[in-house]
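In this note's numbering, the protein residues as written are 2 to 206. All C-beta atoms in this analysis are idealised placements derived from N, C-alpha and C, irrespective of residue type, glycine included. Here is the structure we will look at, set down as C-alpha cells.
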Amino acid sequence: MAWPDGLPVIADFVLLDSRKAVMRTRLTTPAHVSLVRFAAAVAAVALLAGCGSGEAPTRRSAAASSDSAPTPGAGQASPLPQETSTSPALPKASNGTDLAACKDADCEVEVRPGDRLKIDAKFGLDAITVKSFGRDEIRLALQGSSGGLHVEGRNVSVNSACTNGRCRDEAEMSLTTDRPGRINTIQLRLAELNSDRAVLALLPK
Numbered sequence: 002m003a004w005p006d007g008l009p010v011i012a013d014f015v016l017l018d019s020r021k022a023v024m025r026t027r028l029t030t031p032a033h034v035s036l037v038r039f040a041a042a043v044a045a046v047a048l049l050a051g052c053g054s055g056e057a058p059t060r061r062s063a064a065a066s067s068d069s070a071p072t073p074g075a076g077q078a079s080p081l082p083q084e085t086s087t088s089p090a091l092p093k094a095s096n097g098t099d100l101a102a103c104k105d106a107d108c109e110v111e112v113r114p115g116d117r118l119k120i121d122a123k124f125g126l127d128a129i130t131v132k133s134f135g136r137d138e139i140r141l142a143l144q145g146s147s148g149g150l151h152v153e154g155r156n157v158s159v160n161s162a163c164t165n166g167r168c169r170d171e172a173e174m175s176l177t178t179d180r181p182g183r184i185n186t187i188q189l190r191l192a193e194l195n196s197d198r199a200v201l202a203l204l205p206k
C-alpha cells in the first residue's frame, strides 16, 4: 500500500489466531530518500552561490569601465601659444630709404636686396647693387669703369667685361657689421642688419 504523501509503507502482519489477522502499519522514511533531499538542498545552495558570484564581477566590471573611461579633455595638453618671429627693429637711418642721397657717396640709407645705389662717375664707380643678405653679412655687386675699380673687403672678386667695344669692371664684395670695406675712395660700413633690411653707410675719403 502507499502512504498519501508518496512514501512507501511497510506493513507488519501479526497473527492473532488462525482465522483473523490484524495488520499493523508503520511509516518509515528510507535512507535513500533522505540522501536525495540532502543532495537537492546542496545543489540549490551551490546554484544560488554561483548566481551571486556571477553578478558581482558584472557590477565590478561596469564600475571599472566607468572609472577607466577617459574624461573629455583629460590628458590632452593645452595648445601652446604660437610664437611669432619678428625681426628686431633697425635704428632709423639718417637718409631713410632715399637711395638717391648716395649719389655723392655720402649717405646712410636703409636697403633691401635688389636696391641699386647710383654713384657719381667721378668716383670711378657707376652703381652699388644690394645682391643678397646672409646671416650676418650683405653681399654687394659693383659696376665701374674699366681698370678703375679697386675693392677692399670680404670675399672680393673683380672681373672686366667688354660689350660693343665698351669695357667696364664688375665686382662683388661682402660687408659685416665688424668688417667695413672700401671701393676706390669710398668707405662702406654695414651699420645694422636683420633678416630683410640693413642700414648701409657710405663716406667719401
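Cutoff 7 Å; reference residue i; Cβ partners in own chain excluding five residues on either side
{"i": "residue 186", "result": "124, 205, 206"}
{"i": "residue 158", "result": "172, 173"}
{"i": "residue 166", "result": "none"}
{"i": "residue 99", "result": "110"}
{"i": "residue 107", "result": "203, 204, 205"}
Which of helix, strand or coil DSSP assigns to residue i
{"i": "residue 182", "result": "strand"}
{"i": "residue 154", "result": "coil"}
{"i": "residue 146", "result": "strand"}
{"i": "residue 1", "result": "Because the chain here runs from 2 to 206, residue 1 falls outside it and cannot be looked at."}
{"i": "residue 160", "result": "strand"}
Close beta carbons around residue i, own chain, < 8 Å, minus the five adjacent residues each side
{"i": "residue 1", "result": "The structure shown has nothing for residue 1, since the chain only spans 2 to 206."}
{"i": "residue 178", "result": "137, 191, 192, 193, 194"}
{"i": "residue 103", "result": "96, 110, 118, 119, 120, 129, 203"}
{"i": "residue 198", "result": "88, 91, 111, 112, 113"}
{"i": "residue 169", "result": "127, 144, 145, 146, 147, 161, 162, 163"}
{"i": "residue 181", "result": "154, 188, 189, 190, 191"}
{"i": "residue 115", "result": "130, 131"}
{"i": "residue 101", "result": "119"}
Extent of the continuous beta strand (DSSP E) to which residue i belongs
{"i": "residue 1", "result": "There is no way to answer for residue 1, as the model of the chain reaches only from 2 to 206."}
6 Å CB neighbourhood of residue i in its chain, flanking five on each side removed
{"i": "residue 175", "result": "138, 140, 155, 156"}
{"i": "residue 160", "result": "171"}
{"i": "residue 94", "result": "109, 110, 111, 200"}
{"i": "residue 142", "result": "130, 132, 173"}
{"i": "residue 135", "result": "none"}
Task: Unbroken stretches of the beta strand (DSSP E), 3 residues or longer, contained in the stretch 87-141 - done: 108-112, 117-119, 126-134
- [ ] Specify whether the stretch 136-152 and the stretch 183-203 touch according to this definition: at least 3 beta carbon pairs, one from each stretch, less than 8 Å apart.
- [x] yes
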